[in-house]
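Trainee: First residue of the sequence shown? That's 612 in the numbering used here, and the numbers climb one at a time after it.
We put the CB at the ideal spot given by N, CA and C, even for glycine.
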Amino acid sequence: MAGNEDMILLVEDDPNDAELIMRAFRRGKLSTNVVHLRDGEEAVRYVAGEHVRQHEKWSPPKVILLDLKLPKLNGIEVLRRLKANERTKNVPVVILTSSQEDSDIEKAYALGVNSYVTKPIEFDAFSQAMMNLGSYWLRLNKTQRTSEGGA
612 MAGNEDMILL VEDDPNDAEL IMRAFRRGKL STNVVHLRDG EEAVRYVAGE HVRQHEKWSP
672 PKVILLDLKL PKLNGIEVLR RLKANERTKN VPVVILTSSQ EDSDIEKAYA LGVNSYVTKP
732 IEFDAFSQAM MNLGSYWLRL NKTQRTSEGG A
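1) For Ile595, count neighbouring Cβ atoms within 10 angstroms of its own Cβ and tell me buried if that reaches 16, exposed if not.
2) Within 10 angstroms of the Cβ of Asp678, are there 16 or more other Cβ atoms? Answer buried if so, exposed if not.
3) To which residues of the same chain is Ile716 closer than 6 Å at the C-beta, ignoring the five residues directly before and after it?
4) Hey, Ser709 and Lys683 are a contact pair by Cβ (cut 8 Å); roughly how many whole angstroms apart?
5) What's the call for Asp713, buried or exposed, on a 16-neighbour Cβ count within 10 Å?
6) Please report the residue range of the alpha helix (DSSP H) in which Ile732 lies.
7) Count Cβ pairs between the region 630-639 and the region 698-706 that sit closer than 8 Å; are there 3 or more?
8) Which residue wins for smallest C-alpha separation from His647, given the options Pro626, Ala659 and Gly660?
9) What would DSSP say about Ser765, mapped onto helix, strand or coil?
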């Protein structure tokens with residue numbers, strides 16, 4: 612799976628929010644390489660490389676946008692597994708959620724989240740926030756790339 616340099620992994624169960632996020636990225640001329648997963652189990656399987664064919668090399672996303680309130684496996688548990696996994700521990704994870712609960716924020720940062728963003732309710736504010744977020748993580752931020760097999 613070479614060529615994931617600008618790939619965004621979006622883990623969001625609300626199809627409307629997911630579409631708004633992807634639309635904002637397109638409008639901001641950011642990555643069009645967005646993999647959208649709808650639940651926590653699907654995200655864990657994806658980062659484990661279950662989607663990669665045997666002859667392909669797994670490549671981490673540039674950033675993971677992770678909702679907290681997910682079916683099957685919540686965002687906190689997904690974050691815990693991402694940060695415990697050697698292949699994904701250095702991949703930036705941004706929590707995108709409606710939760711402003713102090714306990715959620717504290718748990719996320721204790722587990723190593725890189726950013727915690729509360730989704731704006733108003734459409735234009737939401738769209739602008741997503742363009743700003745994408746611009747920062749894809750254009751401005753430099754990440755430590757994880758390589759599989761020392762390549």
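Mentor: To lay it out plainly:
1) The structure shown does not extend to residue 595, since the chain spans only 612 to 762, so no value can be given for it.
2) buried
3) Tyr727
4) That pair is no contact at about 19 Å.
5) exposed
6) First-last for Ile732: undefined, no H or E at that position.
7) no
8) Pro626
9) Outside the displayed range of the chain (612 to 762) lies residue 765, so it cannot be described from this structure.
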